[in-house]
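This note's numbering numbers the first residue of the sequence shown as 12 and each following residue consecutively.
Note that CB positions come from ideal geometry on N, CA and C, so glycine has one too.
On a predicted model such as this, the values are computed, not experimentally measured, just so you know.
In what follows, a single structure is set out as C-alpha coordinates and then discussed.
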Amino acid sequence: MRACFIIDPIEKLKPKKDSSIDLMIEAASRGYQVDFCLYNDVNAGSEGVSGEVRSIEMSPDIRATYKWDPSLAKIGAARNANFADYDVIFIRKDPPFDDGYFSLTLLLEPLEKKVVFVNSPRGVRTVSEKLSALHFAEFTPPTFASYSVERLRTFAQRFDKVVLKPCYLGSGEGVVVSYAADEKFKDYVEFILDRAPRGPVIAQAFLPEIVDGDTRVMMIDGEPIAALGRKPSEGDFRANIAVGGTEFFVEPTPAQMTIAKTIGGFLRENKIIFAGIDLIGEKLIEINVTSPTLIQELRRVGGPDISKKLWDALEQKVKARA
(Lines of atoms letter the chains of each structure in order from A; the text may use other names.)
(Lines give C-alpha, C1' and ligand atoms only; values in the text may rest on other atoms or scores of the structure.)
Protein backbone atom coordinates (compact mmCIF):
# COMPACT_ATOMS: atom_id res chain seq x y z
CA MET A 12 0.00 0.00 0.00
CA ARG A 13 1.17 3.54 -0.77
CA ALA A 14 0.33 6.50 1.44
CA CYS A 15 1.12 10.20 1.23
CA PHE A 16 0.80 12.72 4.05
CA ILE A 17 0.25 16.39 3.20
CA ILE A 18 1.57 18.06 6.33
CA ASP A 19 3.28 21.12 7.75
CA PRO A 20 7.11 21.30 7.55
CA ILE A 21 8.40 18.05 9.03
CA GLU A 22 10.87 19.79 11.34
CA LYS A 23 8.01 21.67 13.01
CA LEU A 24 6.20 18.51 14.10
CA LYS A 25 6.37 17.54 17.79
CA PRO A 26 7.32 13.85 17.80
CA LYS A 27 6.01 13.14 21.30
CA LYS A 28 2.58 14.57 20.45
CA ASP A 29 2.06 14.61 16.72
CA SER A 30 -0.54 12.18 15.39
CA SER A 31 0.83 12.31 11.82
CA ILE A 32 4.12 10.86 13.06
CA ASP A 33 2.28 8.11 14.90
CA LEU A 34 0.23 7.25 11.82
CA MET A 35 3.39 7.16 9.69
CA ILE A 36 5.11 4.80 12.13
CA GLU A 37 2.11 2.45 12.12
CA ALA A 38 2.02 2.49 8.30
CA ALA A 39 5.72 1.64 8.13
CA SER A 40 5.24 -1.24 10.61
CA ARG A 41 2.77 -2.74 8.12
CA GLY A 42 5.29 -2.48 5.29
CA TYR A 43 3.60 0.40 3.48
CA GLN A 44 5.44 3.01 1.46
CA VAL A 45 5.06 6.37 3.19
CA ASP A 46 5.69 9.71 1.46
CA PHE A 47 5.05 13.28 2.53
CA CYS A 48 4.86 16.76 1.06
CA LEU A 49 3.72 20.29 1.89
CA TYR A 50 0.44 21.73 0.65
CA ASN A 51 2.23 24.07 -1.76
CA ASP A 52 4.04 21.10 -3.36
CA VAL A 53 0.73 19.97 -4.92
CA ASN A 54 -0.01 20.77 -8.57
CA ALA A 55 -3.03 20.04 -10.76
CA GLY A 56 -3.68 20.23 -14.48
CA SER A 57 -5.33 18.50 -17.41
CA GLU A 58 -3.01 15.50 -16.90
CA GLY A 59 -3.95 15.05 -13.27
CA VAL A 60 -2.71 15.92 -9.79
CA SER A 61 0.97 15.62 -8.97
CA GLY A 62 3.52 16.96 -6.57
CA GLU A 63 7.03 16.88 -5.20
CA VAL A 64 7.19 14.26 -2.45
CA ARG A 65 9.81 12.57 -0.27
CA SER A 66 9.73 9.12 1.24
CA ILE A 67 10.07 8.84 5.02
CA GLU A 68 10.69 6.00 7.44
CA MET A 69 10.73 6.85 11.13
CA SER A 70 11.95 4.84 14.08
CA PRO A 71 9.30 4.32 16.81
CA ASP A 72 11.94 5.77 19.16
CA ILE A 73 11.10 9.21 17.83
CA ARG A 74 7.90 9.14 19.94
CA ALA A 75 10.02 9.68 23.04
CA THR A 76 11.57 12.92 21.82
CA TYR A 77 10.30 16.44 22.36
CA LYS A 78 11.93 17.99 19.31
CA TRP A 79 12.39 16.82 15.75
CA ASP A 80 15.33 14.40 15.56
CA PRO A 81 16.44 13.79 11.94
CA SER A 82 18.66 10.91 13.09
CA LEU A 83 15.50 8.90 13.80
CA ALA A 84 14.00 9.40 10.34
CA LYS A 85 15.18 8.32 6.90
CA ILE A 86 14.05 10.90 4.35
CA GLY A 87 14.47 10.22 0.65
CA ALA A 88 15.28 12.58 -2.17
CA ALA A 89 12.57 14.77 -3.64
CA ARG A 90 10.78 13.30 -6.63
CA ASN A 91 7.66 13.99 -8.63
CA ALA A 92 4.69 11.71 -7.94
CA ASN A 93 1.28 11.23 -9.51
CA PHE A 94 -1.18 11.46 -6.61
CA ALA A 95 -3.61 9.09 -8.34
CA ASP A 96 -1.06 6.30 -7.72
CA TYR A 97 -1.54 6.45 -3.95
CA ASP A 98 -3.97 4.24 -2.10
CA VAL A 99 -4.42 6.67 0.82
CA ILE A 100 -3.76 10.42 1.09
CA PHE A 101 -3.84 12.16 4.45
CA ILE A 102 -4.62 15.88 4.46
CA ARG A 103 -3.09 16.85 7.78
CA LYS A 104 -1.99 20.44 7.44
CA ASP A 105 -2.83 22.19 10.71
CA PRO A 106 -5.14 25.22 10.81
CA PRO A 107 -5.51 28.06 10.04
CA PHE A 108 -7.98 27.05 7.38
CA ASP A 109 -6.93 29.81 5.00
CA ASP A 110 -6.96 30.43 1.24
CA GLY A 111 -4.07 28.01 0.75
CA TYR A 112 -5.91 25.25 2.61
CA PHE A 113 -9.13 25.97 0.69
CA SER A 114 -7.26 25.82 -2.63
CA LEU A 115 -5.58 22.55 -1.64
CA THR A 116 -8.97 20.90 -1.23
CA LEU A 117 -9.99 22.09 -4.71
CA LEU A 118 -6.78 20.75 -6.28
CA LEU A 119 -7.23 17.32 -4.67
CA GLU A 120 -10.98 16.94 -5.09
CA PRO A 121 -10.83 15.37 -8.60
CA LEU A 122 -9.04 12.36 -7.03
CA GLU A 123 -11.84 11.45 -4.63
CA LYS A 124 -13.09 8.59 -6.84
CA LYS A 125 -9.59 7.11 -7.13
CA VAL A 126 -7.99 7.56 -3.70
CA VAL A 127 -9.07 7.07 -0.09
CA PHE A 128 -8.67 10.45 1.64
CA VAL A 129 -8.31 11.14 5.34
CA ASN A 130 -10.25 13.32 5.12
CA SER A 131 -12.23 14.03 1.96
CA PRO A 132 -11.13 17.32 0.35
CA ARG A 133 -14.77 18.28 -0.19
CA GLY A 134 -15.61 17.19 3.36
CA VAL A 135 -12.80 19.22 4.92
CA ARG A 136 -14.03 22.24 2.99
CA THR A 137 -17.65 21.68 4.03
CA VAL A 138 -17.27 20.75 7.69
CA SER A 139 -16.06 23.93 9.38
CA GLU A 140 -14.46 22.89 12.66
CA LYS A 141 -16.17 25.57 14.75
CA LEU A 142 -19.17 26.64 12.67
CA SER A 143 -20.40 23.12 11.87
CA ALA A 144 -21.49 22.76 15.48
CA LEU A 145 -24.33 25.13 14.49
CA HIS A 146 -25.85 22.21 12.54
CA PHE A 147 -26.51 20.63 15.94
CA ALA A 148 -27.92 23.50 17.99
CA GLU A 149 -29.76 21.05 20.24
CA PHE A 150 -26.41 19.83 21.54
CA THR A 151 -24.45 23.10 21.77
CA PRO A 152 -24.35 25.86 24.37
CA PRO A 153 -26.02 29.10 23.18
CA THR A 154 -23.84 30.31 20.29
CA PHE A 155 -23.81 33.34 18.01
CA ALA A 156 -21.50 34.20 15.09
CA SER A 157 -21.26 37.76 13.78
CA TYR A 158 -18.99 40.48 12.41
CA SER A 159 -20.79 43.08 14.52
CA VAL A 160 -19.41 44.15 17.90
CA GLU A 161 -22.79 45.41 19.05
CA ARG A 162 -24.71 42.31 18.01
CA LEU A 163 -22.14 40.17 19.79
CA ARG A 164 -22.42 42.39 22.86
CA THR A 165 -26.22 42.08 22.81
CA PHE A 166 -25.85 38.29 22.73
CA ALA A 167 -23.30 38.42 25.57
CA GLN A 168 -25.72 40.39 27.77
CA ARG A 169 -27.70 37.19 28.26
CA PHE A 170 -24.84 35.52 30.15
CA ASP A 171 -22.39 36.19 32.96
CA LYS A 172 -19.50 35.32 30.65
CA VAL A 173 -18.96 34.31 27.04
CA VAL A 174 -16.14 32.70 25.13
CA LEU A 175 -15.04 34.65 22.04
CA LYS A 176 -13.14 32.77 19.36
CA PRO A 177 -12.05 33.01 15.72
CA CYS A 178 -13.53 30.67 13.12
CA TYR A 179 -10.48 29.35 11.36
CA LEU A 180 -7.65 29.04 13.88
CA GLY A 181 -6.87 26.06 16.10
CA SER A 182 -5.22 24.91 19.34
CA GLY A 183 -7.00 27.56 21.40
CA GLU A 184 -5.32 30.42 19.53
CA GLY A 185 -7.16 33.74 19.83
CA VAL A 186 -9.78 32.36 22.25
CA VAL A 187 -10.71 34.62 25.20
CA VAL A 188 -13.35 34.90 27.93
CA SER A 189 -15.21 38.19 28.31
CA TYR A 190 -18.59 39.68 29.26
CA ALA A 191 -20.89 42.33 27.81
CA ALA A 192 -19.82 45.16 30.18
CA ASP A 193 -16.12 44.34 29.86
CA GLU A 194 -14.27 47.49 28.74
CA LYS A 195 -12.07 45.22 26.61
CA PHE A 196 -15.00 43.45 24.90
CA LYS A 197 -14.82 45.61 21.76
CA ASP A 198 -11.02 45.27 21.63
CA TYR A 199 -11.26 41.48 21.87
CA VAL A 200 -13.81 41.29 19.05
CA GLU A 201 -11.86 43.64 16.79
CA PHE A 202 -8.62 41.79 17.48
CA ILE A 203 -10.23 38.52 16.36
CA LEU A 204 -11.81 40.18 13.32
CA ASP A 205 -8.41 41.50 12.28
CA ARG A 206 -6.80 38.06 12.41
CA ALA A 207 -6.24 36.24 9.14
CA PRO A 208 -8.03 34.29 7.81
CA ARG A 209 -10.94 36.61 8.48
CA GLY A 210 -14.34 35.30 9.49
CA PRO A 211 -17.11 36.11 11.94
CA VAL A 212 -16.39 36.06 15.66
CA ILE A 213 -18.03 33.18 17.48
CA ALA A 214 -19.51 33.97 20.90
CA GLN A 215 -20.54 31.09 23.09
CA ALA A 216 -22.02 30.95 26.58
CA PHE A 217 -19.21 30.14 29.01
CA LEU A 218 -19.61 26.68 30.56
CA PRO A 219 -18.24 26.53 34.13
CA GLU A 220 -17.89 22.74 33.77
CA ILE A 221 -14.65 23.44 31.90
CA VAL A 222 -12.91 23.62 35.29
CA ASP A 223 -13.15 19.80 35.28
CA GLY A 224 -11.88 19.61 31.70
CA ASP A 225 -13.33 18.83 28.30
CA THR A 226 -13.73 15.56 26.39
CA ARG A 227 -12.37 14.65 22.97
CA VAL A 228 -14.28 11.74 21.41
CA MET A 229 -12.26 10.01 18.69
CA MET A 230 -14.35 9.09 15.65
CA ILE A 231 -13.41 6.59 12.93
CA ASP A 232 -15.77 6.31 9.97
CA GLY A 233 -18.56 7.93 11.96
CA GLU A 234 -18.24 5.66 15.00
CA PRO A 235 -17.08 6.81 18.46
CA ILE A 236 -14.02 4.75 19.41
CA ALA A 237 -12.69 6.22 22.66
CA ALA A 238 -12.46 9.47 24.58
CA LEU A 239 -9.74 11.54 26.19
CA GLY A 240 -10.21 14.15 28.90
CA ARG A 241 -8.19 17.38 28.98
CA LYS A 242 -7.95 19.58 32.06
CA PRO A 243 -6.93 23.26 31.77
CA SER A 244 -3.75 24.42 33.44
CA GLU A 245 -3.95 26.65 36.50
CA GLY A 246 -5.31 30.09 35.60
CA ASP A 247 -6.49 29.12 32.10
CA PHE A 248 -9.91 28.06 30.84
CA ARG A 249 -8.61 26.41 27.65
CA ALA A 250 -8.05 22.67 27.88
CA ASN A 251 -6.01 22.37 24.66
CA ILE A 252 -2.82 20.36 25.20
CA ALA A 253 -1.02 22.94 23.03
CA VAL A 254 -1.61 25.61 25.71
CA GLY A 255 -0.79 23.48 28.75
CA GLY A 256 -3.82 21.26 29.24
CA THR A 257 -3.29 17.86 30.88
CA GLU A 258 -4.69 14.66 29.39
CA PHE A 259 -6.51 11.94 31.35
CA PHE A 260 -8.52 8.86 30.41
CA VAL A 261 -12.28 9.24 30.51
CA GLU A 262 -15.29 7.12 29.58
CA PRO A 263 -17.84 9.10 27.56
CA THR A 264 -21.23 9.47 29.21
CA PRO A 265 -24.39 8.06 27.56
CA ALA A 266 -25.37 11.61 26.56
CA GLN A 267 -21.94 12.22 25.01
CA MET A 268 -22.23 8.94 23.09
CA THR A 269 -25.65 10.00 21.78
CA ILE A 270 -24.17 13.26 20.51
CA ALA A 271 -21.20 11.46 18.94
CA LYS A 272 -23.37 8.90 17.16
CA THR A 273 -25.68 11.61 15.82
CA ILE A 274 -22.72 13.57 14.47
CA GLY A 275 -21.27 10.33 13.10
CA GLY A 276 -23.94 10.28 10.39
CA PHE A 277 -23.02 13.83 9.39
CA LEU A 278 -19.34 12.83 9.22
CA ARG A 279 -20.05 9.78 7.06
CA GLU A 280 -22.16 11.88 4.68
CA ASN A 281 -19.16 14.18 4.20
CA LYS A 282 -16.59 11.32 3.96
CA ILE A 283 -14.82 12.37 7.13
CA ILE A 284 -13.08 9.15 8.18
CA PHE A 285 -11.12 10.48 11.16
CA ALA A 286 -12.47 13.21 13.43
CA GLY A 287 -12.36 14.44 17.00
CA ILE A 288 -15.52 15.78 18.66
CA ASP A 289 -14.94 18.20 21.53
CA LEU A 290 -17.47 18.47 24.34
CA ILE A 291 -17.64 20.36 27.61
CA GLY A 292 -19.84 18.35 29.92
CA GLU A 293 -22.60 17.21 27.61
CA LYS A 294 -22.43 20.15 25.20
CA LEU A 295 -20.86 20.04 21.75
CA ILE A 296 -18.16 22.67 21.13
CA GLU A 297 -16.21 21.72 17.98
CA ILE A 298 -15.88 19.03 15.30
CA ASN A 299 -12.19 18.61 14.41
CA VAL A 300 -11.62 17.35 10.85
CA THR A 301 -8.49 19.02 9.45
CA SER A 302 -5.77 17.31 11.49
CA PRO A 303 -7.36 15.58 14.50
CA THR A 304 -4.74 14.74 17.08
CA LEU A 305 -4.31 13.31 20.62
CA ILE A 306 -3.61 9.76 19.36
CA GLN A 307 -0.40 9.51 21.38
CA GLU A 308 -1.91 11.15 24.47
CA LEU A 309 -4.82 8.70 24.46
CA ARG A 310 -2.51 5.69 24.27
CA ARG A 311 -0.32 7.04 27.09
CA VAL A 312 -3.27 7.20 29.49
CA GLY A 313 -4.34 3.63 28.73
CA GLY A 314 -6.72 4.16 25.83
CA PRO A 315 -6.79 2.17 22.59
CA ASP A 316 -4.29 2.60 19.77
CA ILE A 317 -6.17 4.84 17.34
CA SER A 318 -3.42 4.56 14.70
CA LYS A 319 -3.90 0.80 14.50
CA LYS A 320 -7.69 1.09 14.42
CA LEU A 321 -7.62 3.79 11.75
CA TRP A 322 -5.24 1.82 9.52
CA ASP A 323 -7.40 -1.30 9.97
CA ALA A 324 -10.37 0.72 8.70
CA LEU A 325 -8.36 2.17 5.81
CA GLU A 326 -7.19 -1.26 4.69
CA GLN A 327 -10.82 -2.33 4.36
CA LYS A 328 -11.69 0.79 2.39
CA VAL A 329 -8.77 0.28 -0.02
CA LYS A 330 -9.75 -3.38 -0.53
CA ALA A 331 -13.32 -2.33 -1.24
CA ARG A 332 -12.11 -0.03 -4.03
CA ALA A 333 -9.93 -2.72 -5.67
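- request: Please report the Cβ distance between Lys282 and Asn130, rounded to the nearest whole angstrom; I am assuming they are in contact, meaning their Cβ atoms lie under 8 Å.
  value: Counted from its first residue, the sequence shown places residue 282 at position 271. Counted from its first residue, the sequence shown places residue 130 at position 119. Contact holds; Cβ gap of about 7 Å.
- prompt: How is the alpha helix (DSSP H) around Pro132 delimited, first residue to last?
  reply: For this step, residue 132 is matched to residue 121 along the sequence shown. Pro132 -> alpha helix (DSSP H) spans 132-137.
- request: Return helix, strand or coil for Glu68, following the three-state DSSP convention.
  value: The residue labelled residue 68 in the question sits at position 57 within the sequence shown. In the structure shown, Glu68 sits in a strand (DSSP, three-state: E or B).
Continuous alpha helix (DSSP H) stretch holding Pro303: start and end: The residue labelled residue 303 in the question sits at position 292 within the sequence shown. Premise fails: Pro303 is in no alpha helix (DSSP H) and is neither H nor E.
- prompt: If we count the other Cβ atoms within 10 Å of its Cβ and call it buried at 16 or more, is Phe259 buried or exposed?
  reply: The sequence position of residue 259 within the sequence shown is 248, counting from 1. Exposed: under 16 other Cβ atoms inside 10 Å.
For Pro26, the residue or residues it bridges with in DSSP: As a position in the sequence shown, residue 26 is number 15, starting the count at 1. According to DSSP, residue pairing for Pro26 in a beta bridge does not occur.
Length of the line joining the Cα atoms of Leu209 and Phe108: Taking the first residue of the sequence shown as position 1, residue 209 is located at position 198. Taking the first residue of the sequence shown as position 1, residue 108 is located at position 97. The identity of residue 209 in the sequence shown is Arg, whereas the question assumes Leu. Each residue's CA atom was taken as its position, placing Arg209 and Phe108 some 10 Å apart.
query: If you draw a straight line from the alpha carbon of Leu345 to that of Gly256, how long is it in whole angstroms?
result: It is not possible to answer for residue 345, since the shown part of the chain is limited to 12 through 333.
query: So Thr257 is in the beta strand (DSSP E); what residue range does that whole segment cover?
result: Sequence index remark: in the sequence shown, residue 257 carries index 246 (1-based). Element bounds for Thr257: 257-260.
Rounded separation between Tyr43 and Leu218 - CA only: Residue mapping note: residue 43 aligns to position 32 of the sequence shown, counting from 1. Residue mapping note: residue 218 aligns to position 207 of the sequence shown, counting from 1. Here the alpha carbons of Leu218 and Tyr43 stand approximately 44 Å from one another.
message: Checking the sheet assignment: what are the DSSP bridge partners for Asp289?
response: In the sequence shown, residue 289 corresponds to position 278, counting from 1. DSSP output for Asp289 lists Arg227, Glu297 as bridge partner(s).
message: To the nearest angstrom, how far is the alpha carbon of Val45 from that of Ala14?
response: Here residue 45 is taken as the residue at index 34 of the sequence shown, counted from 1. Here residue 14 is taken as the residue at index 3 of the sequence shown, counted from 1. Straight-line Cα distance between these residues: approximately 5 Å.
query: Does the beta-carbon of Leu117 have 16 or more other beta-carbons within 10 angstroms, so that it is buried, or is it exposed?
result: Indexing the sequence shown from 1 puts residue 117 at position 106. With a threshold of 16 other beta carbon atoms within 10 Å, Leu117 falls short and is exposed.
field: Arg206 to Asp105 span [Cα, whole Å]
entry: Sequence index remark: in the sequence shown, residue 206 carries index 195 (1-based). Sequence index remark: in the sequence shown, residue 105 carries index 94 (1-based). The straight-line gap from Cα to Cα measures roughly 16 Å.
query: For Arg162, does the three-state DSSP call read helix, strand or coil?
result: The residue labelled residue 162 in the question sits at position 151 within the sequence shown. Secondary structure at Arg162: helix, using DSSP grouped into helix, strand and coil.
- prompt: How close, in whole Å, do the beta carbons of Gln62 and Ala92 come, if the pair is a contact with beta carbons under 8 Å?
  reply: For this step, residue 62 is matched to residue 51 along the sequence shown. For this step, residue 92 is matched to residue 81 along the sequence shown. Residue 62 is actually Gly in this sequence, not Gln. 6 Å between Cβ atoms; contact.
task: Provide the residue span of the beta strand (DSSP E) that contains Ala156, from first to last.
output: Walking along the sequence shown from the start, residue 156 turns up at place 145. From DSSP, the beta strand (DSSP E) with Ala156 extends over 154-157.
- prompt: For Ala239, which of helix, strand or coil comes out of DSSP?
  reply: Numbered from its first residue, the sequence shown carries residue 239 at position 228. Correcting the residue identity first, residue 239 is Leu in this sequence and not Ala. Shown here, Leu239 sits in a strand according to DSSP, grouped into three states.
- prompt: Any idea which residues DSSP pairs Cys48 with across the strands?
  reply: Here the question's residue 48 lines up with position 37 in the sequence shown. Its beta-bridge partners are Ile17.
query: Taking all protein chains shown into account, do 16 or more other C-beta atoms lie within 10 angstroms of the C-beta of Ile288, making it buried, or fewer, making it exposed?
result: Residue 288 sits at position 277 when you count from the first residue of the sequence shown. Around the Cβ of Ile288, a 10 Å sphere holds 16 or more other Cβ atoms; the residue is buried.
- request: Please report the residue range of the beta strand (DSSP E) in which Arg206 lies.
  value: On the sequence shown, residue 206 is found 195 positions in, with the first residue counted as 1. Premise fails: Arg206 is in no beta strand (DSSP E) and is neither H nor E.
- prompt: How should Val222 be labelled, buried or exposed, when 16 other C-beta atoms within 10 angstroms of its C-beta is the threshold for buried?
  reply: Numbered from its first residue, the sequence shown carries residue 222 at position 211. It is exposed - the Cβ of Val222 has fewer than 16 other Cβ atoms within 10 Å.
task: Using alpha carbons as the reference points, say which of Arg169, Thr269, Gln327 lies closest to Asp232.
output: By 1-based counting over the sequence shown, the position of residue 232 is 221. It is Gln327.
- prompt: Cα separation between Ala266 and Leu278?
  reply: The residue given as residue 266 occupies position 255 in the sequence shown. The residue given as residue 278 occupies position 267 in the sequence shown. Computed Cα separation, rounded: 18 Å.
- prompt: Taking the DSSP output, what are the residues bridged to Ile213?
  reply: Looking up residue 213 in the sequence shown gives position 202. In the DSSP assignment, Ile213 is bridged to Ala156, Lys176.
task: Within the same chain, show all residues whose beta-carbon is closer than 7 Å to that of Arg41, passing over the 5 residues directly before and after it, in chain order.
output: Residue 41 sits at position 30 when you count from the first residue of the sequence shown. Contacts found: Trp322.
field: For Ala92, the residue or residues it bridges with in DSSP
entry: Taking the sequence shown and counting its residues from 1, one reaches residue 92 at position 81. Per DSSP, the beta bridge partners of Ala92 are Gly62.
message: Comparing C-alpha positions only, which one of Leu122, Gly275, Thr151 sits nearest to Met2?
response: With the chain covering 12 to 333 only, the question about residue 2 has no answer from this structure.
query: Cα-Cα, which of Leu290, Ala238, Glu245, Pro243 is closest to Gln306?
result: What you label residue 306 is simply residue 295 of the sequence shown in a count that begins at 1. Note on identity: in this sequence residue 306 is Ile, with Gln being the wrong assignment. Comparing Cα positions, the closest option is Ala238.
Rounded separation between Pro315 and Ala191 - CA only: Counted from its first residue, the sequence shown places residue 315 at position 304. Counted from its first residue, the sequence shown places residue 191 at position 180. CA-CA distance, Pro315 to Ala191, rounds to 43 Å.
query: Would you call the region 132-145 and the region 178-187 in contact, with 3 or more CB pairs under 8 Å?
result: Contact annotation: the region 132-145 touches the region 178-187, with at least three C-beta pairs closer than 8 Å.
message: Going by DSSP in three states, Ile365 sits in which element: helix, strand or coil?
response: In the structure displayed, the chain extends from 12 to 333; residue 365 sits before or after that span and is not available.
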